[in-house]
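To keep things clear, I will list the structure first and then write my remarks on it.
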Amino acid sequence: MVSWLRANGKILFRGAALLLAGAAAGFGLGLFFAVPAGPGCQESDLTPVPDTGFASPAPEAAPASSLPQEEPVPEKWVCLTFDDGPSKTTPAVLDVLNAAGVKATFFVVATGYNEKYLPLIADAAAAGHQIALHSASHEYSDIYQSADAYWQDIELLKERISPYVNTASLHYLRFPGGSTNTVSRRYGGRGVMAELKQQCAEKGYAYVDWNVCAEDAVGGKPSAGTIYRNVVRETGKQTQCIVLMHDSATTRTTAEALPDIIQWYRDQGFTFCRVEQVLPAP
Ligand SMILES: [Zn+2]
C-alpha cells in the first residue's frame with residue numbers, strides 16, 4: 001500500500017507499491033533489452049522490481065526550515081521531470097511548460113556535448129522550474145566505477161553548471177539509470193548503489209526515481225502519440241506521479257507530446273508540482 005505520513009510538518013512517503021505498478025506496466029514487457037547502451041537513461045538498466053519508493057527515505061528529523069514551502073501538498077499531484085538536458089530540445093520544452101503555466105524539474109547533465117545549451121539552465125530556473133543534478137558525463141562505465149567516481153562526477157557537474165544556477169541550492173539528484181539500476185554492478189560491483197544511496201543522505205542529497213515512464217528514450221524514436229499513450233497507461237490509477245521524460249537532441253517528440261500530456265493530467269484533476277514541493281528535502 002501507499003501511504004503518506006505527516007510528522008512534525010514534514011511528509012514521509014512510503015511508495016514502493018507505486019513504483020511496482022509502474023515497473024509492472026513498463027519494465028516487465030521485455031521491450032527494452034534490444035536498446036543499445038548509450039547516452040540517456042536506458043530503461044533496460046532498471047531492475048524489474050525496484051526495492052524502494054521513488055525517492056530517498058525521508059530523514060527522521062529534518063528541520064522545518066529545510067522545507068522549501070509550507071504549502072499543503074494536493075491530493076493528486078504530478079511532477080513532470082526531464083532528464084539529460086539542457087539540449088537543443090530544451091527551448092521547445094520550456095515554451096510548452098511556460099505557456100501552460102506548469103513548473104517542472106530538470107535533471108541536468110554537462111557532458112561537454114551539450115555545453116552550448118548550458119545557459120538554458122538559467123532560463124529554466126528563472127521561469128520557476130527546479131534544477132536538479134543528474135550527471136556530468138552520464139557514462140555508466142565511469143561514474144559507477146566506485147562511489148568516489150560517482151561523487152567526483154557530481155562535483156564536476158556542479159562546477160560546469162555553476163555559471164547558470166546557484167549549485168549550493170541543489171539538493172535533489174537522479175542516478176543515471178535510476179537508483180535500482182543493475183548496470184552499475186558491471187563497473188562498481190553489487191554494493192555500489194546501496195553505498196551511493198546511503199551517502200546521499202550523508203552529503204545532503206535526496207535521490208529521485210519515478211513511477212511513470214514516458215518511454216521516450218527507447219529505440220525507434222516513439223511518436224508523440226505513443227509517448228502520450230505511454231504516460232496515460234503508466235499513470236493508470238496512480239494519484240501521485242513522478243513522470244520520467246527526456247530533454248535531449250533525440251527526444252523532440254517529447255516536446256510535441258507535452259501539451260496533450262499536460263491537458264490530460266489537468267482533465268484528471270492533477271496539480272503540477274516540482275519535485276521539491278512533494279518530496280522532503282534531505
Ligand atoms: Zn539520464
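Here the sequence shown is numbered in UniProt numbering, starting from 1 and rising by one per residue. Backbone N, C-alpha and C fix where the C-beta goes; we use that ideal spot for every residue, glycine too.
Distance cut-off 8 angstroms: residue i Cβ against heavy atoms of ligand 1
i	result
aspartate 142	no
aspartate 209	no
phenylalanine 272	no
aspartate 123	no
aspartate 84	yes
histidine 246	yes
proline 176	yes
histidine 138	yes
serine 184	no
valine 109	yes
serine 135	yes
Cβ-based burial, residue i [other Cβ within 10 Å; buried from 16]
i	result
glycine 188	buried
proline 86	buried
proline 222	buried
arginine 174	buried
asparagine 113	It should be noted that the sequence gives tyrosine, not asparagine, for residue 113. Exposed.
glutamate 276	buried
aspartate 216	buried
alanine 7	Per-residue confidence for alanine 7 stands at a pLDDT of 32, beneath the threshold of 50, marking its modelled position as unreliable; the derived number appears in the next sentence. Its Cβ having fewer than 16 others within 10 Å, alanine 7 is exposed.
leucine 19	Because the pLDDT of leucine 19 is 36, which lies under 50, any placement of that residue in the model is unreliable, and the number read from its coordinates should be weighed accordingly. With 16 or more other Cβ atoms within 10 Å, it is buried.
valine 282	Rather than valine, the amino acid found at residue 282 in this sequence is proline. Proline 282 is buried by the Cβ-count criterion.
glutamine 240	buried
proline 119	exposed
glutamate 159	exposed
aspartate 267	exposed
alanine 234	Here the sequence assigns glutamate to residue 234, which means alanine is not the residue at that position. Glutamate 234 should be labelled buried.
aspartate 148	exposed
phenylalanine 270	buried
proline 50	Confidence at proline 50 is low in this model, with a pLDDT of 40, below 50, so its placement is unreliable and the value that follows should be read with caution. By the 10 Å Cβ count, proline 50 comes out buried.
alanine 25	At alanine 25, the pLDDT of 33 sits below 50, so the modelled position is not reliable and the matter cannot be decided from this model.
aspartate 247	buried
aspartate 95	exposed
glutamine 238	buried
Assumed close pair residue i, residue j - CB separation to whole angstroms, cut-off 8 angstroms
i	j	result
arginine 274	alanine 104	7 angstroms
glycine 178	aspartate 209	5 angstroms
valine 108	isoleucine 161	6 angstroms
isoleucine 242	valine 212	7 angstroms
valine 73	leucine 258	Going by Cβ atoms, the distance from valine 73 to leucine 258 rounds to 23 angstroms, so no, they are not a contact pair.
alanine 214	leucine 244	6 angstroms
valine 183	tyrosine 117	In fact, because the Cβ distance is near 26 angstroms, the residues do not count as touching under 8 angstroms.
alanine 100	isoleucine 262	5 angstroms
cysteine 79	valine 278	6 angstroms
Per DSSP, the bridge partner or partners of residue i
i	result
glutamine 130	Thr105
serine 135	Val109
cysteine 79	Ile242
threonine 271	Trp77
alanine 257	DSSP output for alanine 257 lists no bridge partner at all.
asparagine 98	Answer is none; asparagine 98 lacks a bridge partner.
glycine 85	Val108
valine 232	Answer by DSSP bridge pairing: none, since valine 232 is not bridged.
Residue from the options with nearest C-alpha to residue i
i	options	result
asparagine 230	Thr239, Thr254, Thr182, Val96	Thr254
alanine 126	Leu97, Val183, Ile143	Leu97
valine 165	Arg185, Lys203, Ala110	Ala110
tyrosine 144	Glu256, Thr250, Val192	Val192
histidine 129	Ala136, Phe82, Ser248, Pro163	Phe82
alanine 122	Pro163, Leu80, Pro280	Pro163
threonine 90	Asp260, Phe272, Thr250, Tyr205	Thr250
Cutoff 9 angstroms: residue i Cβ touching any chain B Cβ
i	result
alanine 147	Checking the listed chains, one finds no chain B in this structure; it contains a single protein chain.
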